[in-house]
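Going by our numbering, the sequence shown opens with residue 25, and the numbers climb by one from there. Each residue gets a CB set at the ideal place from its N, CA and C atoms; glycine is no exception. These notes concern the structure reproduced below.
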Amino acid sequence: MNTNEKLILTFYEAFKVKDFKTMGDCYHPEATFKDEAFDLKGKEIPAMWRMLCGVGASTIVEFSGVEADENTGKAHWEAWYTFSQSGNKVHNIIDATFTFKDGKIMTHRDKFSFYRWSSQSLGMIGKLLGWTPFLKKQVRERAMGNLKKFIAKHPEYQ
């Protein structure tokens with residue numbers, strides 16, 4: 025097992041136990057993160073994980089398929105949680121890709137079906153509008169707004 029595979033394993037093992045500090049420490053200071061809801065850089069990334077670990081106390085995370093070489097890596101992970109806005113149960117299935125710099129994660133991309141996620145998390149609205157750019161834009165704006173409020177309360181991420 026190489027050092028980048030160990031880094032990915034460290035990240036997901038920390039995620040399983042909501043250790044947001046260790047998760048954040050896995051990222052390079054100039055890292056970027058992107059998924060269906062967030063497009064982040066630098067300190068925003070550990071702030072997001074801290075925020076999500078705080079609201080998702082009952083989240084269950086499982087991961088598999090960790091592979092990496094000296095430049096790139098990937099993993100498959102799944103999360104089961106209750107979406108805080110609706111109270112709906114969600115099972116999200118995600119494929120992650122990574123690049124590395126100086127022994128840290130430099131880029132992290134999580135890909136999942138926005139339609140499947142929104143159908144579960146938002147119920148009927150997600151089923152009807154989950155395929156539209158309109159709903160995706162609304163979800164992104166709300167997620168980023170929540171993160172900005174969180175960062176404003178936690179100066180260590182500013």
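Have a look at Lys135, Lys65, Lys160, Thr131 and flag the residue whose alpha-carbon is nearest the alpha-carbon of Ser142.
Lys160
- Between which two residues does the alpha helix (DSSP H) carrying Leu146 extend? It is not in any alpha helix (DSSP H) - Leu146 carries neither H nor E in the DSSP assignment.
Enumerate, from N- to C-terminal direction, the unbroken beta strand (DSSP E) stretches of 3 or more residues contained entirely within the stretch 97 to 161. 113 to 125, 128 to 135
- Item | Inter-residue CB distance, Met168 and Phe62 (contact presumed, cutoff 8 angstroms) | 7 angstroms
Closest to Phe35 by CA distance: which of Leu64, Ile149, Val85 is it?
-> Val85
(message) Assuming Phe136 and Ile117 are in contact, meaning their beta carbons sit under 8 angstroms apart, how far apart are those beta carbons, in whole angstroms?
(response) With a beta-carbon spacing of about 6 angstroms, Phe136 and Ile117 fall inside the 8 angstroms limit used to define contacts.
Find out if the Cβ-Cβ distance for the pair His52, Asp134 is shorter than 8 angstroms.
no
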